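Dropping the structure here:
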């Protein structure tokens, strides 16, 4: 968690404007940070320190950062506000400290020490956990790598609707209807371990589906190997979002989407196969 002393350092860190360049891998890092700090819970509270939320921000730090990034030191720690503050704070930290491991170290300790040999063993373990998740996480919805990985998608690619017999669903999937979905419906599941699998021949695969504040998380495997962990939670609902995209060598492949959250819907509107 960010220590109380971190609030004192707020004046030492360059503020970030709304138009600041997004650091590479920002969404991946925030996903990893949130998982280590709270398991991704916006309502988690540390009974000892008072740190709160997905990113376990200390009360004094929240007041300082909320004033800087939201315009009010008393802004409530809603999921939306937590994401705004975390995104802008972490963006500023990255452009100041240059490396994600150092940003993670700062988040825990409030120290800008860049030499990891001078970090405590606890801090090195904490940073290692975050970076392990970061490195194991592929293209997270909203992250810059998604846009790069999706550059192969064009109108000639094959779009596979959620009701296609090509997709095999396991462990309790249902249908949700909404006018903004392709075909006005999606398939969704809320159980941990529910999966959707498709074998295809092509040179890329992409997943389109809804994101929003009530959405869950999933793991993506290609040819049996985990290639990404994606978090579909966003401050606002979007009916159709490019959640994942990956170019592949031309040939036969199998993609599998496995739900890793519980009680939160993860939905498939369509899959796109690069041709």
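In the working numbering, the protein residues as written are 11 to 285. Think of the CB as a built atom: it goes at the ideal place given N, C-alpha and C, for glycine as much as any other residue. Since this is a predicted model, take the numbers as computed values, not measurements.
Check whether the stretch 43-62 touches the stretch 75-82, taking contact to mean three or more Cβ pairs, one atom from each stretch, closer than 8 Å. No: fewer than three Cβ pairs fall under 8 Å.
Do you know offhand how far residue 213's Cα is from residue 169's? Roughly 13 Å separates the two Cα atoms.
I need the straight-line Cα distance from residue 103 to residue 89, nearest angstrom please. 21 Å
With three or more beta-carbon pairs closer than 8 Å as the criterion, would you say the stretch 193-213 touches the stretch 258-267? yes
Following the continuous beta strand (DSSP E) through residue 95, name the residue where it begins and the one where it ends. Unbroken run through residue 95 is the alpha helix (DSSP H), 89-107; no beta strand (DSSP E).
Nearest to residue 235 (by Cα), restricted to the options 183, 50, 267 and 59: The residue with the shortest Cα to Cα distance from residue 235 is 267.
So is the beta-carbon of residue 32 under 7 Å away from any non-hydrogen atom of the ligand COA? Ligands in the displayed structure: none, and consequently the ligand COA is not present.
Count the other CB atoms within 10 Å of the CB of residue 145; is the residue buried (16 or more) or exposed (fewer)? exposed
C-beta atoms of residue 283 and residue 253 nearer than 8 Å: no
From which residue to which residue does the alpha helix (DSSP H) around residue 266 run? Here residue 266 belongs to no alpha helix (DSSP H); instead the beta strand (DSSP E) covers 248-269.
If you drop the 5 nearest sequence neighbours on each side, which residues of the same chain put their C-beta closer than 6 Å to that of residue 192? Closer than 6 Å at Cβ, skipping near neighbours: 279 and 280.
Are the beta-carbon atoms of residue 183 and residue 199 separated by less than 8 Å? yes
Answer yes or no: does any C-beta atom of chain B fall closer than 8 Å to that of residue 191? Of the protein chains in the structure, only one exists, and it is not chain B.
Hey, residue 54 and residue 63 are a contact pair by Cβ (cut 8 Å); roughly how many whole angstroms apart? 7 Å
What is the DSSP secondary structure of residue 64, reduced to helix, strand or coil? coil
Three-way DSSP call (helix, strand, coil) for residue 191 in this model: coil
For the beta strand (DSSP E) that residue 179 lies in, which residues bound it at each end? Looking at the DSSP string, the run of the beta strand (DSSP E) that includes residue 179 is 177-180.
Selected residue, minimal CA-CA separation from residue 276, among 259, 140 and 241: 241
Residue 280 (DSSP reduced to helix, strand or coil): strand
Per-residue burial, residue 100 [other beta carbons within 10 Å of its own, 16 or more giving buried]: Residue 100 should be labelled buried.
Keeping to the same chain, check which residues put their C-beta closer than 7 Å to that of residue 85; ignore five residues upstream and five downstream. 76 and 91
My output table needs one value for residue 34: the three-state DSSP class, helix, strand or coil. Coil.
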